[in-house]
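Undergrad:
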Amino acid sequence: MPEAEGKIFNFESKEKIRADFLEAVPFDGREEYVKIETEEFSAVCPFSGLPDIAKVTIEYYPEGGKIVELKSLKYYFISFRNVGVYQEEATKIIYEDLKKLLQTNRIKVTMVYNIRGGILTTTSMGTL
6 MPEAEGKIFN FESKEKIRAD FLEAVPFDGR EEYVKIETEE FSAVCPFSGL
56 PDIAKVTIEY YPEGGKIVEL KSLKYYFISF RNVGVYQEEA TKIIYEDLKK
106 LLQTNRIKVT MVYNIRGGIL TTTSMGTL
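Its first residue numbered 6, the sequence shown is counted upward by one per residue in this note's numbering.
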């Protein structure tokens, strides 16, 4: 495998991601569309150790009778901050953790990463 040129920064393993920070709140509105957005997500490229910063959009229907508690979601996102994880994998992890927490199949996670090296990356997982 190729190696990154220049300085490489240390990062944590994926085991440091804290899905246990996520909390759900009971909610009686199974057909209500919920959309959450933040531009404050960051993780670390495991190739170079450089930060990957993204806008995260979470869309779901709480068919499991639960919504995500937003402060817990923020803490969960912060747990990614020093973790080395590829962009596509970060999307998959968030999708799977929220799908499990909310017990819904109608969930979609989209991440638009800041341009790096002239390349814009958007990753998406799930359907509504």
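Note that beta-carbon positions come from the ideal geometry of N, C-alpha and C, so glycine has one too. Quick caveat: nothing in here was measured; it's all calculated off a predicted structure.
1. In angstroms with no decimal places, state the Cα-to-Cα distance between Asp33 and Gln92.
2. Measure the CB-CB distance between Glu10 and Lys40 and report whether it falls below 8 Å.
3. Pull up the CB-CB distance for Ile72 and Ala29, whole angstroms please, since I reckon it's below 8 Å.
4. In the DSSP assignment, the beta strand (DSSP E) including Tyr100 goes from what residue to what residue?
5. Which one or two residues does DSSP pair with Arg121 in a beta bridge?
TA: Let's see:
1. Stepping through the sequence shown from its first residue, residue 33 is reached at position 28. Stepping through the sequence shown from its first residue, residue 92 is reached at position 87. If I take the Cα positions, the gap works out to 33 Å.
2. As a working note, residue 10 is residue 5 in the sequence shown. As a working note, residue 40 is residue 35 in the sequence shown. Result no, Cβ atoms of Glu10 and Lys40 do not sit closer than 8 Å.
3. As a first step, residue 72 is located in the sequence shown; it is residue number 67 there, counting from the start. As a first step, residue 29 is located in the sequence shown; it is residue number 24 there, counting from the start. The C-beta separation of Ile72 from Ala29 comes to about 7 Å, placing the pair in contact by the 8 Å criterion.
4. Sequence index remark: in the sequence shown, residue 100 carries index 95 (1-based). No beta strand (DSSP E) contains Tyr100, which is instead part of the alpha helix (DSSP H) from Gln92 to Leu107.
5. Residue 121 sits at position 116 when you count from the first residue of the sequence shown. DSSP, once it has assigned bridges, lists Ile124 as partnering Arg121.
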